[in-house]
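Student: Residue numbers (our numbering), protein chains in the order written: chain X, 14 to 519; chain B, 3 to 368; chain W, 58 to 201; chain U, 708 to 1133.
Positions of the beta carbon are idealized from the N, C-alpha and C atoms, including for glycine.
Structure below; questions to follow.
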Amino acid sequence: MARSLLFPEFKIERDKERCIACQVCVRQCANDVHEGSDTEDTVVSQEEKCVGCQRCVNLCPTNALTVQTRKDGFRPNGNWEDRHLRGIYKQAETGGILLTGMGCDRLYPVYWDHLLLNASQVTNPSIDPLREPIELTTYLGKKEEKLDIHWEGDSPVVRTRLAPQLGLEVPVIFSAMSYGSISYNAFRSLAEAAREAGTFCNSGEGGLHPDFYPFGENIIVQVASGRFGVHRDYLRVAAAVEIKIGQGAKPGIGGHLPGEKVSKEISRTRKIPLESDAISPAPHHDIYSIEDLERLVFAIKEAINYEKPVAVKIAAVHNVAAIASGVVRAGADIVTIDGIRGGTGAAPQVIRDNVGIPIELALAQVDERLRLEGIRHHSSLLIAGGIRSSADVIKAIALGADAVYVGTAALVGLGCHLCQKCYTGKCNWGIATQDPVLTKRLNPNIGRRRLVNLLRAWAFEIKEMLGGMGVNAIESLRGNREHLRAVGLSREECSVLGVKAAGEGW
Amino acid sequence: MRDPFRIPSGCAVSGILNLDGTHVSGEKIIRSIEVMHERSNGLGGGFAAYGIYPEYAELYAFHVLYDDPLTAKDVEAILKRSCTIEHSEEIPCKETENIQNWPVFKRYFLRYRGRSDCEDDEVVRMVMEVNSGIHGAYIVSSGKNMGVFKGVGYPEDIGKLFQLEEYQGYCWIAHGRFPTNSAGWWGGAHPFGLLSWSVVHNGEISSYGINRRYLQNFGYVCNLQTDTEVITYLVDLLVRKHNIRIPYLGAVFASPFWEQIEKMEEPKKEFFTSLRTIYGGALLNGPFSIIVGFPGGMFGMVDRIKLRPMLAAWKDSTFFLSSEECAIREIAPSLDRLVALRAGEVISERVGERNSHGQKLTVSGV
Amino acid sequence: MKHIKIHEEYCIGCRLCEINCLVKHSHTGKIIKAFKEESPRAFPRIRVEEEGCLSFALQCRHCEDAPCVENCMTGAMRRDKENATVLCDEEKCVGCWMCIMSCPCGVIKREKKTRRIASKCDLCGGVDEPVCVAHCPNEALTYE
Amino acid sequence: MSETLRTDYLLIGFSVSSWFAACALREEDSSGRILAVTEEDRVYSRPLLSYVLGNRSNGMTYFGDVVSENPAEVWWNCAVEKLDGPGKWVELADGRRVAFGKALVATGGVPVFPPIPGAEGGGVFTFTRVDDMERMAAYIDQHDVEDILVLGGGFIGLKTCEALIALNKRITLVELAPRLLINMMDQTGSRYLEKALLKEGVEVVLEDTVERFERKENELCSSVLKSGRSLPHRLAVVAIGVRPNISWLAGSGLQVNRGVLVNAHQETSCPGVFAAGDVAETMNMITGERSVVAVWPEAVAQGKVAGKNMAGKHKTYQGSLPLNAVEVGETAIVSAGLVNPPDNGTYVTIIREERDVYQKLVLKEDRIVGLIFVGDIEKAGIYVHLIRHRIPVDSFREKLLQPDFGIISLPLNFRKHMVEGAGIEV
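Now the structure itself:
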């Protein structure tokens, strides 16, 4: 076999003074990077296998390990970066598409980081969330344009029946991650945390394991192009149904869960044969145009007796505003838009890194477009794709989102270190794997607690920021771009975002 | 010239309503608002008066401010498209010690020619067209048998400029302004009027950005960047178009907290839940106390956590609303009843409808 | 009385419990010294058992009717009256190994001090949380 | 005949089984009189004697709280001469009679001492009681004893060696059989033991015995073995065995064989009279045969069963399981159950043998019935548990004696049951 030209991505430094050869690193590495010795108190490492997940570093009881990105030693070249060489070497060896996991890691502008929030000074008292209530309660679903009120004397009689709503205590939902792409324990962590925190998690296109039916009130189930695990009870047990058209990490392409990951439980959940590849087609083959979507939306509404909202998820692509408008008009109660930085368990790297647009721009345009068309209230806007902090959440809401999905942030909360190797199924953190040795590493009790903590912390921070703006109900910030100002953006970007430049007053 | 800046303001507000319909001159309201001189800073003052044009009571009275009088023909062309100008005149003004320069103010009395079921909408459309389309002209009020008089200066000076002591009305509301950002534009002063609504407001609406965009959904174009403007439009939308009665505006503008709604009994709970769910975009967040005048009545309201003052008082057949008690005592030293509005509370009175001092209509105070 | 609960479904087989137990029962109580300098090296009172993808850490269960206590001819192995912990009194133990023969979990070891004595989990001497529990990264051991 | 005393419960002999019987009685009967009579002057742990001799123990009482929490009234230095089982009385050496409601015979064992010429006159000891030990220790001191002969490579002989090794004496161990620990060890195990003894400076002489002791100026100076070999030594320990102490029971009405015969409730042929410990002949749980198993855990268990049944409760003894452990130098050696099975085709042995480790399991059908562990004994208790509870091992047979064998190798339910005993979840 010809020698590989690939070079290790990481450099592992083992402090010999500190290493006690306890072999924790050996036992924890699913990639067999570390190797102990039966006869000597030494451990050696094979760097070429390291994915930089930092599991060994984290568990090393003496902090003897450091895993760093390796300086490649190539002649610096502004055009030909490491990743280009690495990609070419790999493809020259394998002839295949480069796969990757998690969201786009390219240095495209992150608009959240160019948006600044407002606060009250003098003319308007800020509100102290420790002393006064600040409400984050959010309802997702179609809002009627007006309440049909009939007056009997002085008493109002409401003739409008509210459309089904999803009530959130915090405007953050765990985004679609299927059981299959993530482990049972990871899914359980999400479901339990969603229930405890008063929000939702999304089944992804992996069906719903029977163990999670009791969590139905806090689960949004997905109907994707593969229709995996979709059946009557699946639709009915959930709090809402989401039709997945596209995904931010891989707009325009489908999904593929390799057969080796289709374990007994997954085959049972997805209703597919054991060890068969689970392939989600790129399009829904019953949706080749918007009116087909409408038909599916209403087919599902019929199936669930119009009792729960139906969402439609699309990837943020160039014409997203018009597409979203069509989706709203097709009857979606919630429109989910997933930006280019949205995560994935596996996607071709070239797609992930080059297709789609940042969610901030898509959100701003969709919200504005729907308002211009006077249909903003027909659907709630749920956005996804790279929400990293409570600041991102609150900025998204100020830009016009009703709530946000977090996927990567939730996984990071569970221990993910963004090594981007989800597609290998060897997640050392027990998240994106089905290997029973690895899945045990995520104790859902800890997972639940960490996620609930994360949401609680974000909620506190959001309340602090809201209070600072003198706002005590989240709906008063939603779409309230007056509380946002842009720094370091061009006029065009400001205009697309519908946000004034920092320094501009009211 | 028109200034696109939104102006956060402090301010004084005051209102008088004669429940028996008795007309009084503007002298009292000027005295009342003048007491609260310190709440203003000379950058804006104004009044709304109801019942002042009994001879044209059936017609829309448009008060139009011309920064550029040459635009008058453009404005009139728009007005004439759907209305007949029965009468027009310059609004008489008299130079005062503190105000030597002022723009041209004209008033038009218009008869709408189209279908009666959409005349209000057409008038709103006309106002939007002029105010957003014609630079140099601005419609400050567009109701019937009422008018708004406002400008840059202390309210008492504005009152004298417009010679309000010469007008007779059954309801007067006034505003003295303390903007923290000098706009210096006459059209930006308060009250704000649309149709027969007039609104004065003390406060700063943190939710302005979304309230404004919410209104866009319903065709209201907010171009004044003032809270008062969005409040006016919201009142118009909710009361005139969505059939929400004034006493329940508090449930939308200053909604109870979810926790409180949770504890309500049905059907009240469902009503409040529905109102809040559907009208979340109309929730006014941040500090405010407002007085809204409308044909035959006046109401006052404060924000959901009472960050701005407002008092209501009754003396014989007169109903008062004001930022400060002194402003009421100035014109009615002894009162039958005086109450401070509670958070989210709406107190409304109408001519000929004697409530027991507002008690009956206090629905949304929690 | 609090017990160390074992949750085998979450044991990740890292053996940090063993490592930290060793350190706790070492001379210096310092991890690097305990491993690199102390001789003989201390040993853990906890044992991680592994088979396939299953693993769990096992230490003295502090049984209610502890056979090691009954079968101790010196009275060294005793049940602490206050907290019901089964402890070995090093002063009394002579190393007859009847406890080892009696322990159904096989969690008593021989330790060489001035003489050989039986050595087992002492729940870290009545601390709030034994080190194996405190250092279990996945809460596969809990103290409750 | 002097006055007759009465007691509800009479314990004859006061060592481990009496102690546990007394405790069990007191648990069930808070007021009944519990009287113990013993010809010794204190209570102590008999197996601890060798450790005391070797200066490896700080004392010889077990349960430091024996004195303070003793549930029985004890008459020390008070031997029983005669028992009338059906009549329910005993006669003491001083002529007093004690009538009892229930009695426990727990008089233990006495050493076997064959007639060897020259044994009389000092320097030749048996080693089962505290006064043996004290006399021996004094003798060693007084005579500056360096060379010692231990006659008998059984359990007591080995324990004696353990103690004397600790005292840095030069020892010769003489055993008539071709291997040591004849009852609890096999040939291979014995070789490990011999090796360990050798390492500690003990000379092991097998298939030989002492023909006579020789004396110089009346002091013991050497012995002559059957093989003709002469061994110099100033002290000899005769440890060729112990038999149940039943000679005094002649005419008591109790059925005796090698020991006092008891049923599963430790009751003798005479209702109301029980026996426990080294004096009792019980059912061997492995072989199903009657035998005297003179080991501490059985004495504890039998004492408890006897006590409960004497108090009127119904408690059954599961049968005896021989358990033994010795340690020579670094080498620990344990055995349990049947270790030398008859070669009749019904037993299978599994053996693991490494440099310092020898492990052997004896299986009958799907159950383990005996074991020998040399060197690595840590997990012996798990196997003993399997033996004692007759757990079928077929489902995990291939894991037996593997280095990573553990609780994890056991069937799930059994594993959970074991650790859940104390409310623990696995």
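Are the C-beta atoms of residue 104 (chain W) and some chain X residue less than 9 Å apart?
Tutor: Here residue 104 (chain W) refers to the residue found at position 47 when the third sequence is read from its first residue. So no, residue 104 (chain W) is outside the interface.
Student: Residue 238 (chain B) and residue 199 (chain B) look like a contact to me (Cβ under 8 Å); what is the Cβ gap, rounded to whole Å?
Tutor: To locate residue 238 (chain B), count along the second sequence from 1; it is residue 236. To locate residue 199 (chain B), count along the second sequence from 1; it is residue 197. Between residue 199 (chain B) and residue 238 (chain B) the Cβ distance is about 6 Å, and since that is below 8 Å, they are a contact.
Student: Compute the Euclidean distance between the alpha carbons of residue 980 (chain U) and residue 961 (chain U), then round it to the nearest angstrom.
Tutor: In the fourth sequence, counting from the first residue as 1, residue 980 (chain U) sits at position 273. In the fourth sequence, counting from the first residue as 1, residue 961 (chain U) sits at position 254. Straight-line Cα distance between these residues: approximately 8 Å.
Student: With which residues is residue 192 (chain X) paired in a DSSP beta bridge?
Tutor: By 1-based counting over the first sequence, the position of residue 192 (chain X) is 179. Looking at the DSSP assignment, residue 192 (chain X) forms a beta bridge with X:195.
Student: Can you tell me the Cα-Cα spacing of residue 807 (chain U) and residue 838 (chain U), whole angstroms?
Tutor: On the fourth sequence, residue 807 (chain U) is found 100 positions in, with the first residue counted as 1. On the fourth sequence, residue 838 (chain U) is found 131 positions in, with the first residue counted as 1. Cα-Cα distance, rounded: 29 Å.
Student: Classify residue 1104 (chain U) as helix, strand or coil using the three-state DSSP reduction.
Tutor: Indexing the fourth sequence from 1 puts residue 1104 (chain U) at position 397. Correct three-state label for residue 1104 (chain U): helix.
Student: Beta strand (DSSP E) containing residue 418 (chain X): first to last residue?
Tutor: Here residue 418 (chain X) corresponds to residue number 405 of the first sequence, with the count starting at 1. 416-419 is the extent of the beta strand (DSSP E) around residue 418 (chain X).
Student: For residue 903 (chain U), collect the residues of the same chain with a Cβ closer than 7 Å to its Cβ; drop the 5 residues on either side in sequence, then sort them by chain order.
Tutor: To locate residue 903 (chain U), count along the fourth sequence from 1; it is residue 196. Counting only Cβ-Cβ distances below 7 Å, and skipping sequence neighbours, we find 1035, 1036, 1038.
Student: Exposed or buried, residue 55 (chain X), counting other C-beta atoms within 10 Å across all chains shown (16 or more means buried)?
Tutor: Indexing the first sequence from 1 puts residue 55 (chain X) at position 42. Its Cβ having fewer than 16 others within 10 Å, residue 55 (chain X) is exposed.
Student: Run the CB neighbour count on residue 992 (chain U), radius 10 Å, all protein chains shown included, and call it buried at 16 or more, exposed below.
Tutor: The count along the fourth sequence starts at 1 and reaches residue 992 (chain U) at position 285. Looking at its Cβ environment, which holds 16 or more other Cβ atoms inside 10 Å, residue 992 (chain U) is buried.
Student: Starting from the C-beta of residue 819 (chain U), find all residues in its chain whose C-beta is less than 7 Å away, skip the five residues before and the five after it, and write them out in chain order.
Tutor: Taking the first residue of the fourth sequence as 1, we reach residue 819 (chain U) at position 112. Closer than 7 Å at Cβ, skipping near neighbours: 947, 948, 949, 950.
Student: For residue 242 (chain X) versus residue 270 (chain X), is the C-beta distance shorter than 9 Å?
Tutor: Within the first sequence, numbered from 1, the residue matching residue 242 (chain X) stands at position 229. Within the first sequence, numbered from 1, the residue matching residue 270 (chain X) stands at position 257. The answer is no: Cβ separation not under 9 Å.
Student: Under 8 Å: do the segment 74-93 of chain W and the segment 331-342 of chain B share three or more Cβ pairs, one atom per stretch?
Tutor: No: fewer than three Cβ pairs fall under 8 Å.
Student: Under 8 Å, CB to CB, which of the residues in the segment 462-491 of chain X have a partner in chain B?
Tutor: So the list reads 482, 483, 484, 485, 486, 488, 489, 490, 491, given in the order they occur along the chain.
Student: Among all the DSSP beta bridges, which residues are the ones paired with residue 296 (chain X)?
Tutor: Position 283 of the first sequence, counted from the first residue, corresponds to residue 296 (chain X). Bridge partners of residue 296 (chain X): none, in fact.
Student: Residue 66 (chain W) CB to nearest chain X CB: under 9 Å?
Tutor: Counted from its first residue, the third sequence places residue 66 (chain W) at position 9. Chain X contact via Cβ: present.
Student: If I follow the unbroken beta strand (DSSP E) through residue 1074 (chain U), where does it start and stop?
Tutor: Counted from its first residue, the fourth sequence places residue 1074 (chain U) at position 367. Segment 1074-1081, the beta strand (DSSP E) holding residue 1074 (chain U).
Student: Nearest to residue 146 (chain B) by CA position, among B:197, B:155, B:97, is which residue?
Tutor: Translated into the one-based positions of the second sequence, residue 146 (chain B) becomes position 144. The candidate whose alpha carbon is nearest that of residue 146 (chain B) is B:197.
Student: Are there 16 or more other CB atoms within 10 angstroms of the CB of residue 342 (chain B), so buried, or fewer, so exposed?
Tutor: Taking the first residue of the second sequence as 1, we reach residue 342 (chain B) at position 340. Exposed, because fewer than 16 other Cβ atoms sit within 10 Å of the Cβ of residue 342 (chain B).
Student: Label residue 783 (chain U) either buried or exposed according to how many other C-beta atoms from any shown protein chain fall within 10 Å of its C-beta, with 16 as the threshold for buried.
Tutor: Looking up residue 783 (chain U) in the fourth sequence gives position 76. Residue 783 (chain U) is exposed by the Cβ-count criterion.
Student: Closest Cβ-Cβ distance between residue 133 (chain B) and chain X: below 9 Å?
Tutor: As a working note, residue 133 (chain B) is residue 131 in the second sequence. It does not; no Cβ of chain X falls within 9 Å.
Student: Are residue 93 (chain B) and residue 107 (chain B) close, meaning C-beta to C-beta below 9 Å?
Tutor: What you label residue 93 (chain B) is simply residue 91 of the second sequence in a count that begins at 1. What you label residue 107 (chain B) is simply residue 105 of the second sequence in a count that begins at 1. In contact: residue 93 (chain B) and residue 107 (chain B) (Cβ atoms closer than 9 Å).
Student: In chain W, which residues lie less than 8 Å from residue 456 (chain X) when you measure between Cβ atoms?
Tutor: Residue 456 (chain X) sits at position 443 when you count from the first residue of the first sequence. Those within 8 Å of residue 456 (chain X) in chain W are 64, 67, 195, 196, 197.
Student: How far does the alpha helix (DSSP H) with residue 309 (chain X) in it reach, from first residue to last?
Tutor: Indexing the first sequence from 1 puts residue 309 (chain X) at position 296. Residues 303-316.
Student: Between residue 982 (chain U) and residue 967 (chain U), how many whole angstroms is the CB-CB distance? I'm expecting something under 8 Å.
Tutor: The count along the fourth sequence starts at 1 and reaches residue 982 (chain U) at position 275. The count along the fourth sequence starts at 1 and reaches residue 967 (chain U) at position 260. Confirmed, Cβ separation roughly 4 Å.
Student: Look at residue 254 (chain B) and residue 230 (chain B) and say whether their C-beta atoms are less than 9 Å apart.
Tutor: Position 252 of the second sequence holds residue 254 (chain B). Position 228 of the second sequence holds residue 230 (chain B). No; because the gap between Cβ atoms is not below 9 Å, this pair is not in contact.
Student: Just curious, the beta strand (DSSP E) that residue 235 (chain X) is in, first and last residue?
Tutor: As a first step, residue 235 (chain X) is located in the first sequence; it is residue number 222 there, counting from the start. Note, residue 235 (chain X): beta strand (DSSP E), 232-236.
Student: Please confirm whether residue 294 (chain B) and residue 349 (chain B) have their CB atoms less than 9 Å apart.
Tutor: Along the second sequence, read from residue 1 onward, the residue named residue 294 (chain B) stands at position 292. Along the second sequence, read from residue 1 onward, the residue named residue 349 (chain B) stands at position 347. Contact flag unset, no.
Student: Could you give the first and the last residue of the continuous alpha helix (DSSP H) run that contains residue 81 (chain X)?
Tutor: Here the question's residue 81 (chain X) lines up with position 68 in the first sequence. Looking at the DSSP string, residue 81 (chain X) is not in any alpha helix (DSSP H); the run it does join, the beta strand (DSSP E), is 78-82.
Student: Does any CB atom of chain X fall closer than 9 Å to the CB of residue 353 (chain B)?
Tutor: Here residue 353 (chain B) refers to the residue found at position 351 of the second sequence. No - not a single Cβ of chain X is within 9 Å of the one on residue 353 (chain B).
Student: Taking 8 Å as the threshold, find out whether the segment 378-392 of chain X comes into contact with the segment 453-469 of chain X through three or more Cβ pairs.
Tutor: Counting Cβ pairs under 8 Å, fewer than three are found: no touch.
Student: Alpha carbon to alpha carbon, what distance is there between residue 336 (chain X) and residue 236 (chain B)?
Tutor: Counted from its first residue, the second sequence places residue 236 (chain B) at position 234. Counted from its first residue, the first sequence places residue 336 (chain X) at position 323. Straight-line Cα distance between these residues: approximately 30 Å.
Student: With a cut-off of 9 Å, does the C-beta of residue 453 (chain X) fall near any C-beta of chain W?
Tutor: Position 440 of the first sequence, counted from the start, is the residue given in the question as residue 453 (chain X). At least one chain W Cβ lies under 9 Å of residue 453 (chain X).
Student: Flag residue 93 (chain W) as yes if its beta-carbon sits less than 9 Å from any beta-carbon of chain X, otherwise no.
Tutor: Within the third sequence, numbered from 1, the residue matching residue 93 (chain W) stands at position 36. Taking Cβ atoms only, chain X reaches closer than 9 Å to residue 93 (chain W), which makes this a yes.
Student: Take residue 832 (chain U) and list the residues in its own chain whose beta-carbon comes closer than 8 Å to its own, dropping the five residues that flank it on each side.
Tutor: Here the question's residue 832 (chain U) lines up with position 125 in the fourth sequence. Once the five neighbours on either side are set aside, the close Cβ partners of residue 832 (chain U) are 839, 842, 843, 846, 942, 943, 944, 945.
Student: For residue 182 (chain W), I'd like the list of residues in its chain whose CB is within less than 6 Å of its CB, leaving aside the five on either flank, ordered along the chain.
Tutor: For the purposes of this step, residue 182 (chain W) is identified with residue 125 of the third sequence, where counting begins at 1. Cβ within range, chain order: n/a, list empty.
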